[in-house]
Amino acid sequence: MKIGIIGAGNMGGAIARGLAKTDYFQAKDIIVSDLSEACLSALQDSVPDICVCKDNLQAAQADIVLLAVKPWLVDIVLTEIASALNEKKILIVVAAGVAFEQIYKHLPEALSEMPCYRLIPNTAISEMTSMNLFAAANTKPEQNEFIFKIFSDLGTCMLLDEDKMAAATSLTSCGIAYALRYVRASVQAAVEMGFRPADAQAMVAQTMKGAAELLLNNDTSAENEIDKVTTPGGITIKGLNELEANGFSNAVIKALKASR
Ligand SMILES: NC(=O)c1ccc[n+]([C@@H]2O[C@H](COP(=O)([O-])OP(=O)(O)OC[C@H]3O[C@@H](n4cnc5c(N)ncnc54)[C@H](OP(=O)(O)O)[C@@H]3O)[C@@H](O)[C@H]2O)c1
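Numbers in my numbering are just positions in the sequence shown, counted from 1, shifted up by 189.
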């Protein structure tokens, strides 16, 4: 089984590096194409046996073809590689906001039922802890199972109806930036309270990781875990009330709705 990845930038490069660490692909079975020599040689420096090339058609010869180019380049690349695709292959398109309707419009009529996934990972894919959002078209349950197995090694997978992809992208892709704004604000506060930025960042990042692990590893909720650290009359409730008085929850809700 070979996978061709077209676009070796942030996402394509991280996916290629991640897949090379899984049991599903050996580096030599991953073919990555990009116009940028710099991206390709950086990738080959970190995964020496990976196949790199500047020819998208060569990458599209693989059994699974994954596009990771900017959304406005998807149409051009699909037209370019269409002759190498067939209904036995699986197409995966990693491009925010590019709908199945648009993807199939740029494939020949004969490929109108080709199995296709839209995939939105987040930048934590480089740490193998991505939230991988999938929508599927013309795929069989066994293909879903196979693809999710592969991408589960790079994080957590969730299959969504296509009309939920934009809102979920706001939570998970943009969500990384929102979570890190909380970290940045915490570091600003910590410096005022006398800590070095690096120490503050380490403390806050570990606290964020701990909060996430509490939710991911237990049958609990954010509200429940907040209650555990909020003693009546204690210091946490003072801080929580300050957050709300300054519009914290409202700002988060508005931000997520704005970026869907
Ligand atoms: N970054 C994220 O957090 C994130 C999250 C979810 C989804 N996505 C999606 O992932 C996709 C890729 O984003 P990215 O951040 O990885 O972009 P990126 O870093 O710009 O990578 C895209 C790569 O594709 C190359 N390229 C341009 N035209 C090409 C062509 N015709 N054939 C082959 N390669 C070509 C680019 O080369 P040049 O630089 O030389 O143009 C670049 O190396 C986007 O559609 C985005 O919506 C990104």
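Every residue, glycine too, gets a C-beta built ideally from N, C-alpha and C.
A Cβ-Cβ contact shorter than 7 Å links G196 with A257.
Beta-bridge partners of N413 (DSSP): none assigned. Per DSSP, reduced to three states, the secondary structure at F323 is strand.
Taken atom to atom, the span from the alpha-carbon of A227 to that of L255 is near 20 Å.
Under the three-state reduction of DSSP output, S222 falls in the strand class.
Taking C-alpha positions only, A231 is separated from T211 by approximately 20 Å. Approximately 10 Å separates the beta-carbon atoms of S222 and Q250; this is outside 8 Å, ruling out the contact. Contact between I239 and A209 holds, with the beta-carbon distance rounding to 6 Å and staying under 8 Å. Under the Cβ criterion (8 Å, minimum of three pairs), the stretch 323-337 counts as touching the stretch 299-315. Burial check for V283: the Cβ neighbour count within 10 Å reaches 16 or more, so the residue is buried. Judged by DSSP secondary structure, T328 falls outside any alpha helix (DSSP H); it is assigned neither H nor E. A Cβ-Cβ separation of about 5 Å places M303 in contact with E276 under the 8 Å criterion. Non-local C-beta neighbours of E351 in its own chain, meaning closer than 8 Å and more than five positions away in sequence, comprise A288, F289, R307, A324 and A326, ordered along the chain.
Leaving aside the five residues that flank A356 on each side, the residues in its chain whose CB is nearer than 6 Å to its CB run, in chain order, R449.
Look at Y371 here: in three-state DSSP terms it is helix. For M347, the enclosing beta strand (DSSP E) has its first and last residue at G344 to L348. Looking at the backbone, the Cα of M392 and that of A203 are separated by about 27 Å. A distance below 7 Å separates the beta carbons of L229 and V241. Per DSSP, R449 is not a residue of any alpha helix (DSSP H), being assigned neither H nor E.
Going by beta carbons, L300 and L274 fall inside the 7 Å limit. Relative to ligand 1, I195 has its C-beta within less than 6 Å of a heavy atom.
Counting along the chain, R307 sits inside no alpha helix (DSSP H); it lies in the beta strand (DSSP E) bounded by residues C305 to I309.
D342 and S319 have their alpha carbons spaced roughly 9 Å apart.
Spatial neighbours of I253 in its own chain (CB-CB distance under 6 Å, excluding positions within 5 residues in sequence) are listed in chain order as I192 and I279.
Residues of the same chain with a CB within less than 7 Å of the CB of T425, apart from the 5 flanking positions on each side, are V418 and T419 in chain order. In the structure shown, G422 falls within a coil segment according to DSSP collapsed to helix, strand and coil. Closest in C-alpha terms to G201, from the list L432, P237 and N311, comes N311.
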